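What follows is one structure encoded as structure tokens, with my remarks underneath.
Number of protein chains: 2
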Amino acid sequence: MNTRRVTLNDIARGCGVSRATVSLVLRGSPLPAADTRAKVQTELKKQGYVYNRAAANLRQRRSSSVALVVNDLSNPFFAEFAAGADEALGAAGYVTLLGSTSESPERQQTVLTSLMEHDPAGIILSPAEGSDGEALQQILGTHVPVLVFNREPTRVQWTASHWDYLALANRRGAELATRHLLERGHRRIAFFGGHADSSSCRERRRGYADALAVAGLAIEPGPMIETAPTRLDAAAHSAALFAHAPAPTAAVCYNDAVALGLMLGLATRGLRAGRDFAVTGFDDIPEAAVSTPPLTTLATDPRARGRQAATRILERVRHPGTDAVRGSVPVRLIIRASSEVTIA
Amino acid sequence: MNTRRVTLNDIARGCGVSRATVSLVLRGSPLPAADTRAKVQTELKKQGYVYNRAAANLRQRRSSSVALVVNDLSNPFFAEFAAGADEALGAAGYVTLLGSTSESPERQQTVLTSLMEHDPAGIILSPAEGSDGEALQQILGTHVPVLVFNREPTRVQWTASHWDYLALANRRGAELATRHLLERGHRRIAFFGGHADSSSCRERRRGYADALAVAGLAIEPGPMIETAPTRLDAAAHSAALFAHAPAPTAAVCYNDAVALGLMLGLATRGLRAGRDFAVTGFDDIPEAAVSTPPLTTLATDPRARGRQAATRILERVRHPGTDAVRGSVPVRLIIRASSEVTIA
DNA sequence: CTGAAAGCGCTTACAG
DNA sequence: CTGAAAGCGCTTACAG
Chain G
5 MNTRRVTLND IARGCGVSRA TVSLVLRGSP LPAADTRAKV QTELKKQGYV
55 YNRAAANLRQ RRSSSVALVV NDLSNPFFAE FAAGADEALG AAGYVTLLGS
105 TSESPERQQT VLTSLMEHDP AGIILSPAEG SDGEALQQIL GTHVPVLVFN
155 REPTRVQWTA SHWDYLALAN RRGAELATRH LLERGHRRIA FFGGHADSSS
205 CRERRRGYAD ALAVAGLAIE PGPMIETAPT RLDAAAHSAA LFAHAPAPTA
255 AVCYNDAVAL GLMLGLATRG LRAGRDFAVT GFDDIPEAAV STPPLTTLAT
305 DPRARGRQAA TRILERVRHP GTDAVRGSVP VRLIIRASSE VTIA
Chain H
5 MNTRRVTLND IARGCGVSRA TVSLVLRGSP LPAADTRAKV QTELKKQGYV
55 YNRAAANLRQ RRSSSVALVV NDLSNPFFAE FAAGADEALG AAGYVTLLGS
105 TSESPERQQT VLTSLMEHDP AGIILSPAEG SDGEALQQIL GTHVPVLVFN
155 REPTRVQWTA SHWDYLALAN RRGAELATRH LLERGHRRIA FFGGHADSSS
205 CRERRRGYAD ALAVAGLAIE PGPMIETAPT RLDAAAHSAA LFAHAPAPTA
255 AVCYNDAVAL GLMLGLATRG LRAGRDFAVT GFDDIPEAAV STPPLTTLAT
305 DPRARGRQAA TRILERVRHP GTDAVRGSVP VRLIIRASSE VTIA
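Heads up: the sequence lines are chains G and H, in that order. Take 5 as the starting number for the first sequence in the working numbering and just add one per residue. Take 5 as the starting number for the second sequence in the working numbering and just add one per residue.
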């Protein structure tokens, strides 16, 4: 358990060559003669040598890690995102330094400070709600490429900054969902759930309003009901949809969790989504396909987003000169039974 | 974007002291005089110094990271586990090196090899299904403490090995669920779902058989139906429960996903869980509390398990001499409506 | 109380 | 084709 670790020196001594030669063999250089190479290889096996990448990185002034900081790993959406990012980083020979912040901007500062000391080649950050751009800037400095995912911190000078931003097409997505309901004949459509002060909720509400506006002046935005973005809170607030007559016949929900909660709330009133009331979600979480009824929603494929974020950050690591980009991600409307009900 | 990184040397030169003094200030030593200390602190701020922990670790022959390798980050159970582990590691000043294997033993070998080169102080491993203990041993060597979570790799010499093992109380949990159904008067109880060749499924089946045996010789194990541990596959196989008369009146399911799938399958036959048929799960995933009906299940609190795993591995890092332990984790039966139906 | 020197495990010109 | 030497950014006895 406690023997000293095997180093290049041990190998060199073990087979009577210099450290430099062993290093060349390790790195697959064609310089060493074939038999030297073989001799060294055998010795490496024999002594159970493990490469010390930290030492190599120090000498070469490179880094083989990327920090991945997420606001909430217990949310399947971000877990998938993390899995996708880790997958792509691993495939490129990078190791993922994980940090989770539990939506606390303070913890996020601590976590990032600690990760910075490990000299990541880049940083993928899905910020905690309420993150402050200046505070982040302070810690992250200007040496390391940063990609911000999903949410905008406050007070970011995007033009002056070198941060990439990868956003979901929130506005466009909500617009698609709303248009879909309009096409089914609905005229009283609510926007249901989410925190109105989050950037994603504001954008989705805007897309909802866009679609209604395009559909003609006669149609006004319906009620906008705020809830925590969770199933339970959505279920608790669903009565609010029916507070005033005439009640809406459909709701564009902030996300899938909220939509599933609303379907629960509808059931309590004896209404069934897809038969008596139309519901759409956002995210296409795994449950969406198997709920009763299955949920019409917008798919953004978080795992693919994770891969995309990793690919992008590695590009910037390799080409430090290039400009930062603000990217938006495709959304796809997936039509399922929850929005089947049509209005003549 | 591309200025050289600030080092101790820059700080030392910047305020006219030696590198050693700066290092002492950084590490909070009481040796330097108060005014020297102040001078150095100011210079650190001014130049935006970032500590290079890798260099320090190299010199001190320590490590400030722990590798966390999980089989499936998109499963909420393991995502929670990872979040808990990362939380505890972070609090102890360690950084988490993440690796995910997507249940592929081959990928697991690659991932672990790469992580080993980053010199982790310890390894928390939730093995991919079908992991081979000898192959793992090969890569992990004997220098680094390892904690295996949740599943046993094949061919592990636990007595000879220095690996910790943290298991769920699979047997005990399934026994609790089965006993609960027996107490409600059920006499024909099936075990439903899971792969019979996974260690956790075998253990849960054993606990199920235990409870039936205790209940008296008259009660024999009912059908054992194999499925993938997913909602969809479980739904697809639920008809098998009713293939032979007399059909069971209750099922102990391998896990919550399977139980939710079975409830879907029951609905297809016009049966409702909790009214016409009793169902129990395992894991207490978030959906269990809000499904229709809510699911009776066994809670193991994966986030707390993650914290526990981290705490344990750090203990072994600090006390390398101590023996490995095989720990089992408490389970708690949570009774909800899905098992409400009683048999007179 | 502060500085010069050696060394962690590696890589990389540069001689030979 | 191979080896001796310098150096990445730090820490730590050891002098002074």
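Just so it is clear, CB atoms sit at the ideal spot from N, CA and C, and this is done for glycine as well. The model shown is predicted, which means the values in this text are computed figures rather than measured ones.
Take residue i and list the residues in its own chain whose beta-carbon comes closer than 6 Å to its own, dropping the five residues that flank it on each side.
{"i": "G226 of chain H", "result": "R192, I193, A194 and P252"}
{"i": "S342 of chain H", "result": "A277, G278, V283, P297, L299 and T300"}
{"i": "G269 of chain G", "result": "A239 and S242"}
{"i": "N154 of chain H", "result": "S130"}
{"i": "L74 of chain H", "result": "For the sequence presented, residue 74 of chain H should be read as Val rather than Leu. Contacts found: F82, A86, S104 and S130."}
{"i": "A71 of chain G", "result": "L101, L119, P124 and I127"}
Residues bridged to residue i by DSSP?
{"i": "D280 of chain G", "result": "Partner(s): none; D280 of chain G has no beta bridge."}
{"i": "D168 of chain G", "result": "G:L151"}
{"i": "F195 of chain H", "result": "H:M228 and H:V256"}
{"i": "A303 of chain H", "result": "H:D287 and H:R336"}
{"i": "G331 of chain H", "result": "H:L170"}
{"i": "D136 of chain G", "result": "G:T158"}
Evaluate residue i with the Cβ neighbour count: other Cβ atoms within 10 Å of its Cβ, from every protein chain shown; 16 or more gives buried, anything less gives exposed.
{"i": "T300 of chain H", "result": "buried"}
{"i": "H190 of chain H", "result": "buried"}
{"i": "T39 of chain H", "result": "First, the amino acid is wrong: residue 39 of chain H is Asp here, not Thr. Classification for D39 of chain H: exposed."}
{"i": "R307 of chain H", "result": "buried"}
{"i": "D295 of chain H", "result": "The sequence as given places Ser at residue 295 of chain H; Asp does not occur at that position. Answer is buried; the Cβ neighbour count reaches 16."}
{"i": "R330 of chain G", "result": "exposed"}
{"i": "P149 of chain H", "result": "buried"}
{"i": "L35 of chain H", "result": "exposed"}
{"i": "D327 of chain G", "result": "exposed"}
{"i": "Q161 of chain H", "result": "exposed"}
{"i": "R159 of chain H", "result": "exposed"}
{"i": "H184 of chain H", "result": "buried"}
{"i": "M5 of chain H", "result": "Any answer about M5 of chain H is weak, because its pLDDT of 43 lies below 50 and its placement is not dependable; what the coordinates show is given next. Its Cβ having fewer than 16 others within 10 Å, M5 of chain H is exposed."}
{"i": "R210 of chain H", "result": "exposed"}
{"i": "P157 of chain H", "result": "buried"}
{"i": "T231 of chain H", "result": "buried"}
{"i": "I347 of chain H", "result": "exposed"}
What distance in whole Å lies between the Cβ atoms of residue j and residue i, which are believed to be in contact at a cut-off of 8 Å?
{"i": "I15 of chain G", "j": "V44 of chain G", "result": "7 Å"}
{"i": "A132 of chain G", "j": "T114 of chain G", "result": "Rounded, the Cβ-Cβ distance is 11 Å, inconsistent with contact."}
{"i": "A213 of chain H", "j": "I229 of chain H", "result": "Incorrect: roughly 15 Å between the Cβ atoms, too far for contact."}
{"i": "R208 of chain G", "j": "G220 of chain G", "result": "The Cβ separation is near 21 Å, so there is no contact."}
{"i": "I289 of chain H", "j": "P80 of chain H", "result": "5 Å"}
{"i": "V335 of chain G", "j": "G88 of chain G", "result": "Contact flag wrong, Cβ pair sits at about 16 Å."}
{"i": "R235 of chain H", "j": "G265 of chain H", "result": "4 Å"}
{"i": "H147 of chain G", "j": "R9 of chain H", "result": "7 Å"}
{"i": "L186 of chain H", "j": "A215 of chain H", "result": "6 Å"}
{"i": "D260 of chain G", "j": "D287 of chain G", "result": "5 Å"}
{"i": "Q51 of chain H", "j": "G18 of chain H", "result": "6 Å"}
{"i": "E84 of chain G", "j": "S78 of chain H", "result": "5 Å"}
Give every residue of the same chain whose Cβ lies closer than 8 Å to the Cβ of residue i, excluding the five residues on either side of it in the sequence, and list them in chain order.
{"i": "P250 of chain G", "result": "R192"}
{"i": "V333 of chain H", "result": "L170, A171, L172, A173, T304, R309 and Q312"}
{"i": "A139 of chain H", "result": "P109 and Q113"}
{"i": "L144 of chain H", "result": "L116, M120, I127 and V150"}
Could you give the first and the last residue of the continuous alpha helix (DSSP H) run that contains residue i?
{"i": "A71 of chain G", "result": "Run containing A71 of chain G: none in the alpha helix (DSSP H); it sits in the beta strand (DSSP E), S69 to V74."}
{"i": "R9 of chain H", "result": "Neither: R9 of chain H is in no alpha helix (DSSP H) and is coded neither H nor E."}
{"i": "L185 of chain G", "result": "N174 to E187"}
{"i": "I128 of chain G", "result": "Segment G126 to L129 is the beta strand (DSSP E) holding I128 of chain G; no alpha helix (DSSP H) there."}
{"i": "V115 of chain G", "result": "P109 to M120"}
{"i": "P80 of chain H", "result": "P80 to A95"}
{"i": "G211 of chain G", "result": "S203 to V218"}
{"i": "L62 of chain H", "result": "R57 to Q64"}
{"i": "H241 of chain G", "result": "R235 to H241"}
{"i": "T46 of chain G", "result": "A38 to Q51"}
{"i": "A24 of chain G", "result": "R23 to L30"}
Keeping to the same chain, check which residues put their C-beta closer than 7 Å to that of residue i; ignore five residues upstream and five downstream.
{"i": "S67 of chain H", "result": "N61, D123, P124 and A125"}
{"i": "A181 of chain G", "result": "V256, T284, L302 and L337"}
{"i": "T315 of chain H", "result": "A92"}
{"i": "R41 of chain H", "result": "V29"}
{"i": "L48 of chain G", "result": "I15"}
Locate the beta strand (DSSP E) running through residue i, then write down its first and last residues.
{"i": "T100 of chain G", "result": "V99 to S104"}
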